[in-house]
Amino acid sequence: MKHFLLLLVSVFMAACASSGPRPGLPAPDIKPTVKVQIPKNKAEWQSMDDVADALGGKGKIEIKGKSVNLNGAQLVGTSLKRYSDPQDERNQPLKIKIPGFKLYNGSTYAIPGGIVFSAPDNTYSDLIFLKMGEDALSNVMDQAPGATVKGCEGYGATDKTYQFNDADGLTFTGNLATGGITGVRLQKTGAKTKNPRVKEFRNNRFVDTRTGVNASGNVRVRIDSSNKFENVNEKWVTSNGATVTE
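Going letter by letter, the sequence shown gives residues -7 to 238 in the numbering used here.
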């Protein structure tokens, strides 16, 4: 009986090791110009007034129009609601609901539910995501087409580094995803767009993830040789009608 139990434990541990998140590359030791704590009651930005209320006057952060240049600042989410399971859907995100919003040139740390945006034509660039939960950056289906994500780095996801539930018109270039299970998830199953497609997917790097790209739900994406996959079990997987071409 003892040997049988040991065998069961060994099988369970092996299964976890073969399917759970990978550690990925070590996170860089960055030195933020300022750390900005995001309070629970200021974690939903519906207007630039909300942004100014949360970030205005902090360090060298510049807010112009709908653009926020963090200038090396770090957005910290340790005050936000979190649960013991990093994949718990109740983990509080930073919600952004501003069309045409731009956030760049800084980092995030320990935002339990990551950044979730639900408005079109958002841009996120030159950001480093650290100590993330289920994912670092995601959007809401049928509400956030035309997103641009470029030059970003995500370290140590517990599941997906980037998740685009609305991948229609997405530009995804020059990004790094390392660790976790999936580098980026692309999907579009809503009814508003009959033939959704990713606009551009180039020069991305996937390191030590089980799957580089998971495409689902009638989305189309071209993944050419400029994208690099290192220690990745599967470069991409598709389901529910998604199409990947090289």
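Note that beta-carbon positions come from the ideal geometry of N, C-alpha and C, so glycine has one too. The structure displayed is predicted, hence computed values, not measured ones.
Hey, how far is the Cα of residue i from the Cα of residue j?
i	j	result
Asp45	Glu226	43 Å
Val1	Gln29	Reliability fails at Val1, whose pLDDT of 35 lies under 50, so the model's placement of it is uncertain and the value that follows must be treated cautiously. So the two alpha carbons sit approximately 42 Å from each other.
Lys142	Ala128	14 Å
Asn61	Thr25	12 Å
Thr201	Gly106	19 Å
Thr140	Asn157	14 Å
Met133	Arg212	15 Å
Gly69	Ala149	15 Å
Ile173	Arg14	7 Å
Asn219	Asp42	37 Å
Met40	Asp118	21 Å
Asn232	Gly49	47 Å
Val229	Val236	9 Å
Lys32	Phe109	17 Å
Asp113	Leu122	24 Å
Ile103	Thr115	19 Å
Lys240	Asn206	Past the edges of the chain, shown from -7 to 238, lies residue 240, and the structure says nothing about it.
Ile88	Ala111	7 Å
Can you find a heavy atom of the ligand ATP that lies under 7 Å from the Cβ of residue i?
i	result
Arg74	For the structure depicted, the ligand ATP is absent and the ligand set is empty, with no information on it obtainable.
Could you check where the alpha helix (DSSP H) with residue i kicks off and where it finishes?
i	result
Ala46	Met40 to Leu47
In the DSSP assignment, find the unbroken beta strand (DSSP E) run with residue i in it and report its ends.
i	result
Arg82	Segment: none, Arg82 is in no beta strand (DSSP E) and carries neither H nor E.
Arg212	Arg212 to Arg214
Ile120	Thr115 to Leu122
Phe109	Ile107 to Phe109
Val176	Thr174 to Gln179
Glu126	First-last for Glu126: undefined, no H or E at that position.
Gly146	Glu145 to Tyr147
Lys142	Thr140 to Lys142
Ile88	Leu86 to Ile88
Lys27	Lys27 to Gln29
Asp168	Note on residue identity: the sequence assigns Leu, not Asp, to residue 168. From DSSP, the beta strand (DSSP E) with Leu168 extends over Leu168 to Thr170.
Thr70	First-last for Thr70: undefined, no H or E at that position.
What residues are listed by DSSP as bridge partners for residue i?
i	result
Glu192	Thr163
Glu226	Thr203
Ile55	Val60
Asn131	Phe109 and Phe156
Gly98	Leu119
Phe93	DSSP lists no partner for Phe93.
If distances are taken between C-alpha atoms only, which option among the options comes closest to residue i?
i	options	result
Ala136	Phe93, Phe121 and Met124	Phe93
Glu54	Tyr96, Lys34, Gln38 and Ala19	Tyr96
Asn196	Asp216, Val211, Gly172 and Ile120	Asp216
Leu178	Asn131, Asn83, Ser218 and Asn219	Asn131
Thr185	Gly166, Asn210 and Gly105	Asn210
Pro20	Ala111, Arg214 and Ser99	Ser99
Thr165	Lys191, Gly182 and Lys32	Lys191
Thr163	Gly125, Thr170, Asp151 and Pro188	Pro188
Gly51	Asn63, Lys58 and Gly57	Asn63
Gln155	Val176, Pro91, Thr170 and Pro104	Val176
Lys58	Asp77, Pro78, Ser76 and Trp37	Trp37
Asp77	Glu126, Cys144 and Pro18	Glu126
Tyr75	Lys56, Met124 and Gly138	Met124
Gly12	Arg214, Asp151 and Asp80	Asp151
Leu86	Val224, Gly138 and Ala35	Ala35
For the putative contact between residue i and residue j, defined by C-beta atoms under 8 Å, what is the C-beta separation to the nearest angstrom?
i	j	result
Leu168	Gly204	In fact, because the Cβ distance is near 12 Å, the residues do not count as touching under 8 Å.
Glu222	Phe198	7 Å
Lys73	Gln84	4 Å
Compare the C-beta of residue i against all C-beta atoms of chain D and say whether one is closer than 8 Å.
i	result
Asp77	The chain inventory of the structure shown lacks chain D, comprising one protein chain alone.
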